[in-house]
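Working notes, beginning with the structure itself.
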Amino acid sequence: MMNTTSSPHESNLILLATAGDMDGKGLDQLVYTSAASLDCKYFAWQTLADAGLAAWDTAYRPQEYPEGRLFCHQGQLHWRQEARYSGGKYFHTWRLVYAGPSSLLVPGFIQRDNFLECCQAEELLVRLWGERLKNQPDWMEPRIPRRISYPAQKTGRWMALRLIRYRKNGQIEYVRWADLLPWKEER
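See the structure below:
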């Protein structure tokens, strides 16, 4: 289930910046500094065996997750582990992408040339898995063999992820995660 609305002012507020070829310690430091600047609330991760969504806490070590993102209404940090080959050996580095206001960008990133400035931004709400049963703290989904916990302040029967899609000439150029909200049944 999805709901889309146009948000033309959004593209003027957001810029993309990247940082790459970092070791795990460099990734952790830049994520912690940027997350504090953006005041990130949510952490989504993906590993080979699992994926999840939780409230962000500095006890998490980003380098322990091959792919992850921190997000809030102001912006997003998205990282991914990449394999490199040099000198006859493979090794791993990290790439981090910042999407947020230029005023909150911390040192360590390289700003992309107004990449999103000419894009049309549109909001998209995507209903998440699981239905919350009365008087239960978690959500249940018959196709997922465990309880689902969403780190939301306001909750409802279903939850939704608010995304911002940036389009240029009809093509989606970038998608950022923006918030976690109750899904309203009338959508």
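Going by the numbering used here, the sequence shown opens with residue 7, and the numbers climb by one from there.
We put the CB at the ideal spot given by N, CA and C, even for glycine.
Just tell me which of the options has its CA closest to the CA of residue i.
{"i": "S40", "options": "T24, L54, A55", "result": "T24"}
{"i": "R168", "options": "P72, A57, G81", "result": "G81"}
{"i": "A57", "options": "R75, Q126, G32, H79", "result": "R75"}
{"i": "P113", "options": "Y172, Y104, D144", "result": "Y104"}
{"i": "A186", "options": "R173, K160, L139, I178", "result": "In the sequence as displayed, the identity of residue 186 is Leu instead of Ala. For L186, the nearest C-alpha among the options comes from K160."}
{"i": "E191", "options": "R173, A166, R152", "result": "A166"}
{"i": "P68", "options": "W164, L122, D29, K140", "result": "D29"}
{"i": "W189", "options": "I178, W164, Y180", "result": "W164"}
{"i": "Q177", "options": "R118, Y96, A127, K95", "result": "A127"}
{"i": "Q87", "options": "D45, W51, H79", "result": "W51"}
{"i": "D45", "options": "Y96, R173, H79, R118", "result": "H79"}
Under 9 angstroms, do residue i and residue j count as touching if we go by C-beta distance?
{"i": "F49", "j": "Y66", "result": "yes"}
{"i": "L21", "j": "P107", "result": "yes"}
{"i": "R171", "j": "E129", "result": "yes"}
{"i": "L110", "j": "E179", "result": "no"}
{"i": "R153", "j": "D144", "result": "yes"}
What's the gap between the Cα of residue i and the Cα of residue j?
{"i": "W183", "j": "L131", "result": "10 angstroms"}
{"i": "T99", "j": "Q35", "result": "14 angstroms"}
{"i": "R101", "j": "C125", "result": "23 angstroms"}
{"i": "M146", "j": "N120", "result": "42 angstroms"}
{"i": "W85", "j": "Y71", "result": "9 angstroms"}
{"i": "E137", "j": "A158", "result": "14 angstroms"}
{"i": "T64", "j": "K47", "result": "11 angstroms"}
{"i": "K140", "j": "A61", "result": "22 angstroms"}
{"i": "Q2", "j": "V37", "result": "Beyond the ends of the chain as shown, which are 7 and 193, falls residue 2; an answer cannot be given."}
{"i": "N175", "j": "P148", "result": "40 angstroms"}
{"i": "T53", "j": "E73", "result": "7 angstroms"}
{"i": "G93", "j": "G162", "result": "54 angstroms"}
{"i": "R173", "j": "V181", "result": "9 angstroms"}
{"i": "Y96", "j": "D27", "result": "13 angstroms"}
{"i": "K31", "j": "A42", "result": "17 angstroms"}
{"i": "A55", "j": "R118", "result": "33 angstroms"}
Roughly how far, in whole angstroms, is the beta-carbon of residue i from the beta-carbon of residue j, given that I think they are within contact range, below 8 angstroms?
{"i": "I150", "j": "W135", "result": "6 angstroms"}
{"i": "Y156", "j": "L59", "result": "6 angstroms"}
With a threshold of 9 angstroms between beta-carbons, can residue i be considered close to chain B, or not?
{"i": "A55", "result": "Here there is only one protein chain, and chain B is not present."}
Beta strand (DSSP E) runs contained entirely in the stretch 39-91, provided each spans 3 or more residues: 48-52, 57-61, 73-77
Beta strand (DSSP E) segments (min. 3 residues) lying fully within the stretch 128-179: 165-174
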